[in-house]
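Q: Taking our numbering as reference, the numbering of the sequence shown is continuous, increasing by one, and the terminal residue is 537.
C-beta: ideal position from N, C-alpha, C; glycine also.
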Amino acid sequence: MISWEQNTLWITSLSTWEGISFLDYEAAYRAMVEKRMCHDWVKVVDLSQFVSSKTDLSTLKASKTRKRIADLNWWSANNGMRLQVVIVGSHVKPQVLQDLKEIYLSRDIQTEFVSTSSEAYRLISNLKIAV
């Protein structure tokens, strides 16, 4: 699900998206950003359910999806995104966390990795982004 909560775009329930192509996800994501058009905003992507059963993400790292994620981050940064927060869960395997960092870290945007949505809320509440 993609939804706005003030100036934060939340992307959750990714485990239910498995049958959806990245192009469909990207179209929905861009539509949500373009509809809202905030000058300063934060993206929170909850990958905790998605990564909970993974031992590594080598397939994702080697796929075209990795470049599409990077391209979407670049587009987001150029459309007002100031911070990306990735929720990984509390029991993420070290290799999976490393793989996520290789996929999501970007020179275009600051990215933080947290364990829970509560940590994400705390991080966002400390930002100086107008609501």
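(1) Relative to the alpha-carbon of T471, which residue among I493, E432, Q501, M487 has its alpha-carbon at the smallest distance?
(2) With DSSP collapsed to three states, give me the class of D462.
(3) Could you check whether the Cβ of L529 sits closer than 7 Å to any heavy atom belonging to the ligand MG?
(4) Below 8 Å between beta carbons: does that hold for V491 and I530?
(5) Is the distance from the Cβ of I417 to the Cβ of V450 below 8 Å?
A: Based on what the coordinates show:
(1) Your numbering for residue 471 matches position 65 in the sequence shown. Cα-wise, what sits closest to T471 is E432.
(2) Looking up residue 462 in the sequence shown gives position 56. Here D462 sits in coil by DSSP.
(3) Within the structure as shown, the ligand MG is missing, as the structure has no ligands at all.
(4) In the sequence shown, counting from the first residue as 1, residue 491 sits at position 85. In the sequence shown, counting from the first residue as 1, residue 530 sits at position 124. Contact check for V491 against I530 passes: the beta carbons are separated by less than 8 Å.
(5) Residue mapping note: residue 417 aligns to position 11 of the sequence shown, counting from 1. Residue mapping note: residue 450 aligns to position 44 of the sequence shown, counting from 1. It is a contact, given that the beta carbons lie within the stated cut-off.
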